[in-house]
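Enquirer: Be aware that the sequence shown starts at 361, since it is given in the numbering used here, and climbs by one per residue.
Please find one structure pasted underneath; my questions will follow.
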Amino acid sequence: MTIPFRHSADAATAAMREVFPKTPLMRNELLSARYEADIWLKREDLSPVRSYKLRGAFNAMRKVIPAHELFVCASAGNHAQGVAFMCKHFAVRGVVFMPVTTPEQKVMKTKMFGGDHVEVRLTGDYFDQTLAEAQKFCAEAAGHFLSPFDDEDVIEGQASVAAEIYEQLGHVPDRIVLPVGGGGLSAGTRSYFGAETAYTFVEPSGAKSLAAAVAEGRPVDVSPINSFVDGAAVAKVGARTFARLSDVAPQDVIDISEDRICGTIVEMLNVEGIVLEPAGALALEALGEISDSIRGRTVVAIASGGNFDFERLPEVKERAQRYAGLKKYFILRLPQRPGALKDFLQMLGARDNITRFEYMKKSARNFGSVLIGIETDDPRNFDKMFQRIDDAGFTYTDITNDETLAQFVI
Numbered sequence: 361m362t363i364p365f366r367h368s369a370d371a372a373t374a375a376m377r378e379v380f381p382k383t384p385l386m387r388n389e390l391l392s393a394r395y396e397a398d399i400w401l402k403r404e405d406l407s408p409v410r411s412y413k414l415r416g417a418f419n420a421m422r423k424v425i426p427a428h429e430l431f432v433c434a435s436a437g438n439h440a441q442g443v444a445f446m447c448k449h450f451a452v453r454g455v456v457f458m459p460v461t462t463p464e465q466k467v468m469k470t471k472m473f474g475g476d477h478v479e480v481r482l483t484g485d486y487f488d489q490t491l492a493e494a495q496k497f498c499a500e501a502a503g504h505f506l507s508p509f510d511d512e513d514v515i516e517g518q519a520s521v522a523a524e525i526y527e528q529l530g531h532v533p534d535r536i537v538l539p540v541g542g543g544g545l546s547a548g549t550r551s552y553f554g555a556e557t558a559y560t561f562v563e564p565s566g567a568k569s570l571a572a573a574v575a576e577g578r579p580v581d582v583s584p585i586n587s588f589v590d591g592a593a594v595a596k597v598g599a600r601t602f603a604r605l606s607d608v609a610p611q612d613v614i615d616i617s618e619d620r621i622c623g624t625i626v627e628m629l630n631v632e633g634i635v636l637e638p639a640g641a642l643a644l645e646a647l648g649e650i651s652d653s654i655r656g657r658t659v660v661a662i663a664s665g666g667n668f669d670f671e672r673l674p675e676v677k678e679r680a681q682r683y684a685g686l687k688k689y690f691i692l693r694l695p696q697r698p699g700a701l702k703d704f705l706q707m708l709g710a711r712d713n714i715t716r717f718e719y720m721k722k723s724a725r726n727f728g729s730v731l732i733g734i735e736t737d738d739p740r741n742f743d744k745m746f747q748r749i750d751d752a753g754f755t756y757t758d759i760t761n762d763e764t765l766a767q768f769v770i
């Protein structure tokens with residue numbers, strides 16, 4: 361299967377050069393030194409739409425034009441922008457359905473890429489509702505529906521990432537690390553290289569659809585999912601993509617927590633000047649999980665996208681700090697007596713900084729509850745601080761990792 365597929369993927373890649381240049385494959389000195397390996401980043405965040413999604417859209421569209429001149433898709437992000445870009449390129453009509461809750465930035469970028477060739481329709485609070493409306497309209501209008509991943513032509517188009525890696529590196533890498541959502545990129549890359557290299561497939565912890573499919577031997581719905589890593593948060597891996605991934609080894613499918621991914625986003629931005637969306641940071645963060653097996657090896661990690669809304673930066677920083685143990689929230693039961701607050705403040709260390717202080721309510725006549733957020737520069741500082749609080753007899757509840765409670769008070 362690999363040789364014929366490789367030939368067709370190479371042809372698709374060559375055709376793409378009329379539309380956009382190959383994305384860079386760049387050696388990363390920071391990660392190479394950290395993991396004692398030869399680490400290369402495939403920079404899909406530098407494509408015209410800042411993700412690899414336009415590859416699959418291009419390949420699927422070029423194969424049905426001119427038989428179809430109306431294209432329909434449902435997406436809240438990168439797929440929508442890729443389809444819009446290609447509708448304008450091919451001068452065909454596109455109708456993009458997006459949830460009403462889609463951030464305005466993504467709606468505006470989709471309209472910008474599509475121009476007069478694309479109409480954006482906002483419908484449904486949840487993606488399933490949006491998808492149903494898109495498919496209904498597509499059937500009524502006799503359009504061509506563009507799946508974000510579960511389509512053979514899309515899979516072939518995404519394989520152009522692998523084709524470029526081979527051309528740019530000059531050989532097959534020892535390992536490829538790539539994010540998994542619906543599986544289009546993974547299926548295309550694995551079908552291109554076959555058994556010539558090793559793979560690590562990385563999912564967000566809140567949407568482990570490939571791991572579940574591998575365990576069950578078929579695609580299964582893992583709803584409800586955590587949508588924070590929106591570029592890879594898929595409840596059910598595609599049937600066609602899984603057909604190409606069904607025999608992957610369970611140990612080659614790993615997951616990374618949403619908070620942990622945030623640390624990579626912040627580091628890449630601050631240290632390397634690379635803007636990554638959460639899904640784009642998955643493969644980079646996963647290097648730490650496989651560090652023993654990649655030492656001395658040539659590894660390509662796919663930075664799949666850089667469509668990051670900077671309005672999310674405070675949340676990303678918050679999540680990163682919490683994961684690193686540098687920020688905590690707790691509810692303090694403060695005695696209602698003169699000097700109690702002063703006594704508490706004296707328990708803080710020189711590097712402990714109060715970032716949130718909110719008197720909530722009196723829980724008893726002689727006590728009041730206070731929500732407190734504290735940042736520090738070393739996780740061990742909290743052990744010392746909480747020991748001083750315990751020794752003083754104050755009562756508190758650490759709510760840092762209580763996701764349900766955090767939604768209401770943090």
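Beta carbons: idealized from backbone N, C-alpha and C, even for Gly.
What you are looking at is a predicted structure, and each value in this text was computed from that prediction instead of being measured.
Can you tell me which of Ile662, Phe602, Gly623, Arg481 puts its alpha carbon nearest to the alpha carbon of Leu686?
Expert: Sequence index remark: in the sequence shown, residue 686 carries index 326 (1-based). The candidate whose alpha carbon is nearest that of Leu686 is Gly623.
Enquirer: Assuming the contact rule is C-beta atoms closer than 8 Å, Phe561 and Val608 should be a hit. Round their C-beta distance to whole Å, please.
Expert: On the sequence shown, position 201 is the one that residue 561 refers to. On the sequence shown, position 248 is the one that residue 608 refers to. Phe561 to Val608, Cβ: 7 Å. Contact.
Enquirer: For Arg711 and Asp738, which I take to be in contact (beta-carbon distance under 8 Å), what is that distance rounded to the nearest angstrom?
Expert: Along the sequence shown, one-based indexing puts residue 711 at 351. Along the sequence shown, one-based indexing puts residue 738 at 378. About 7 Å separates the two Cβ atoms, so the contact holds.
Enquirer: Cβ atoms of Ala575 and Phe602: under 8 Å apart, would you say?
Expert: Residue mapping note: residue 602 aligns to position 242 of the sequence shown, counting from 1. Residue mapping note: residue 575 aligns to position 215 of the sequence shown, counting from 1. No, they are not a contact pair.
Enquirer: Residue ranges of each alpha helix (DSSP H) run of no fewer than 4 residues wholly in the segment 487 to 549, ordered along the chain?
Expert: Qualifying alpha helix (DSSP H) stretches, in chain order: 487 to 501, 512 to 518, 520 to 529.
Enquirer: Let's see if you can read the secondary structure: which residues bound the alpha helix (DSSP H) around Gly416?
Expert: Start at 1 with the first residue of the sequence shown, and residue 416 comes out as number 56. Unbroken alpha helix (DSSP H) run through Gly416: 413 to 422.
Enquirer: Enumerated in chain order, which unbroken segments of the beta strand (DSSP E) with a length of 3 residues or greater are wholly contained in the segment 655 to 736?
Expert: List check, beta strand (DSSP E) in window: 658 to 663, 687 to 695, 713 to 724, 727 to 735.
Enquirer: Near Ser583, which residues of its chain fall below 7 Å by C-beta distance, leaving aside the five closest residues on each side in sequence?
Expert: Counting from one through the sequence shown, the residue named residue 583 turns up at place 223. Result list for Ser583: Ala595, in chain order.
Enquirer: Is DSSP giving Lys596 helix, strand or coil here?
Expert: Position 236 of the sequence shown, counted from the first residue, corresponds to residue 596. Coil at Lys596, not helix or strand.
Enquirer: Exposed or buried, which one is Gly640 when buried takes at least 16 other CB atoms within 10 Å?
Expert: As a first step, residue 640 must be located in the sequence shown, where it is residue number 280. Buried.
Enquirer: Is the beta carbon of Pro533 sitting closer than 8 Å to the one on Val659?
Expert: The residue you call residue 533 lines up with position 173 of the sequence shown. The residue you call residue 659 lines up with position 299 of the sequence shown. Contact: yes.
Enquirer: Between the C-alpha atoms of Met361 and Val597, what's the straight-line distance to the nearest angstrom?
Expert: Position 1 of the sequence shown, counted from the first residue, corresponds to residue 361. Position 237 of the sequence shown, counted from the first residue, corresponds to residue 597. Caution applies to Met361, whose pLDDT of 47 falls short of 50 and renders its modelled position unreliable; the value that the coordinates give is listed next. Between Met361 and Val597, the C-alpha separation is close to 21 Å.
Enquirer: From Ser411 to Ala502, what does the alpha carbon distance come to, in whole angstroms?
Expert: For the purposes of this step, residue 411 is taken as residue 51 along the sequence shown, with counting starting at 1. For the purposes of this step, residue 502 is taken as residue 142 along the sequence shown, with counting starting at 1. Their backbone Cα atoms lie some 29 Å apart in a straight line.
Enquirer: What would DSSP say about Glu479, mapped onto helix, strand or coil?
Expert: Residue mapping note: residue 479 aligns to position 119 of the sequence shown, counting from 1. Strand at Glu479.
Enquirer: Assuming Leu642 is part of the alpha helix (DSSP H), what are its boundary residues?
Expert: Position 282 of the sequence shown, counted from the start, is the residue given in the question as residue 642. Where Leu642 is concerned, the enclosing alpha helix (DSSP H) stretches over 638 to 646.
Enquirer: According to DSSP, is Ser368 helix, strand or coil?
Expert: One-based indexing of the sequence shown puts residue 368 at position 8. The answer is helix: DSSP assigns Ser368 an H, G or I state.
Enquirer: Among Leu385, Arg679, Tyr552, which has the Cα closest to the Cα of Ala519?
Expert: In the sequence shown, counting from the first residue as 1, residue 519 sits at position 159. Closest option to Ala519, Cα to Cα, is Tyr552.
Enquirer: Return the bridge partner residues of Pro579 from the DSSP annotation.
Expert: In the sequence shown, the residue the question calls residue 579 occupies position 219. Beta-bridge pairing links Pro579 to no other residue.
Enquirer: Taking only three categories from DSSP, how would you classify Lys402?
Expert: Translated into the one-based positions of the sequence shown, residue 402 becomes position 42. If DSSP states are grouped into helix, strand and coil, Lys402 belongs with the strands.
Enquirer: Identify, in the order they occur along the chain, each residue of the same chain with its Cβ nearer than 6 Å to the Cβ of Val424, setting aside the five sequence neighbours on each side.
Expert: Position 64 of the sequence shown, counting from 1, holds the residue named residue 424. So the qualifying residues of the chain are His504.
Enquirer: Provide the residue(s) that pair with Val455 in DSSP beta bridges, ordered along the chain.
Expert: Indexing the sequence shown from 1 puts residue 455 at position 95. BP columns for Val455 point to Val432, Glu479.
Enquirer: Does the segment 530 to 544 come within contact of the segment 653 to 667, defined as at least 3 CB pairs closer than 8 Å?
Expert: The segment 530 to 544 is in contact with the segment 653 to 667.
Enquirer: Beta carbon of Leu538, beta carbon of Ala643: below 8 Å?
Expert: For this step, residue 538 is matched to residue 178 along the sequence shown. For this step, residue 643 is matched to residue 283 along the sequence shown. Cβ distance < 8 Å, so Leu538 and Ala643 count as in contact.
Enquirer: Could you compute how far the alpha carbon of Gly548 sits from the alpha carbon of Ile662?
Expert: Walking along the sequence shown from the start, residue 548 turns up at place 188. Walking along the sequence shown from the start, residue 662 turns up at place 302. Rounded to the nearest angstrom, the two C-alpha atoms are 13 Å apart.
Enquirer: Helix, strand or coil for Leu391? Go by DSSP, reduced to three states.
Expert: Indexing the sequence shown from 1 puts residue 391 at position 31. Note: Leu391 maps to helix in three-state DSSP.
Enquirer: How many Å lie between Asp511 and Arg600 at the Cα?
Expert: Your numbering for residue 511 matches position 151 in the sequence shown. Your numbering for residue 600 matches position 240 in the sequence shown. Answer to the nearest angstrom: the Cα atoms are 7 Å apart.
Enquirer: Relative to the alpha-carbon of Val540, which residue among Tyr559, Tyr526, Glu524 has its alpha-carbon at the smallest distance?
Expert: As a working note, residue 540 is residue 180 in the sequence shown. Comparing Cα-Cα distances from Val540 to each of Tyr559, Tyr526, Glu524, the minimum goes to Tyr559.
Enquirer: Beta strand (DSSP E) containing Glu563: first to last residue?
Expert: Indexing the sequence shown from 1 puts residue 563 at position 203. Start and end: 558 to 564.
Enquirer: Do you know offhand how far Pro564's Cα is from Asp615's?
Expert: Against the sequence shown, residue 564 aligns to sequence position 204. Against the sequence shown, residue 615 aligns to sequence position 255. Each residue's Cα considered, the two are about 5 Å apart.
Enquirer: From the DSSP output, in three-state form, read off Asp485 for me.
Expert: Working through the sequence shown from its first residue, we reach residue 485 at position 125. Asp485: coil per DSSP, three-state reduction.
Enquirer: Can you tell me the Cα-Cα spacing of Ala440 and Ala420, whole angstroms?
Expert: Numbered from 1 along the sequence shown, position 80 holds the residue referred to as residue 440. Numbered from 1 along the sequence shown, position 60 holds the residue referred to as residue 420. Approximately 14 Å between the Cα atoms of the pair.
Enquirer: Distance check for Ala436 and Thr462, CA to CA, integer angstroms please.
Expert: Here the question's residue 462 lines up with position 102 in the sequence shown. Here the question's residue 436 lines up with position 76 in the sequence shown. Rounded to the nearest angstrom, the two C-alpha atoms are 6 Å apart.
Enquirer: Skipping 5 residues on each side, what residues in its chain have a beta carbon closer than 8 Å to that of Leu385?
Expert: For the purposes of this step, residue 385 is identified with residue 25 of the sequence shown, where counting begins at 1. So the list reads Trp400, Leu401, Lys402, Arg403, Glu524, Ile525, Gln528, Leu529, Val660, once near-sequence residues are dropped.
Enquirer: Buried or exposed: where does Thr470 fall if 16 or more other Cβ atoms within 10 Å of its Cβ makes it buried?
Expert: Stepping through the sequence shown from its first residue, residue 470 is reached at position 110. Buried, since its Cβ has 16 or more Cβ neighbours within 10 Å.
Enquirer: With C-beta atoms as the reference, is Gly484 less than 8 Å away from Pro459?
Expert: Within the sequence shown, residue 484 is the residue found at index 124, counting from 1. Within the sequence shown, residue 459 is the residue found at index 99, counting from 1. A contact, by the Cβ cut-off of 8 Å.
Enquirer: Thinking C-beta only, is Gly544 closer than 8 Å to Ile515?
Expert: Along the sequence shown, read from residue 1 onward, the residue named residue 515 stands at position 155. Along the sequence shown, read from residue 1 onward, the residue named residue 544 stands at position 184. For Ile515 and Gly544, yes; Cβs fall inside 8 Å.
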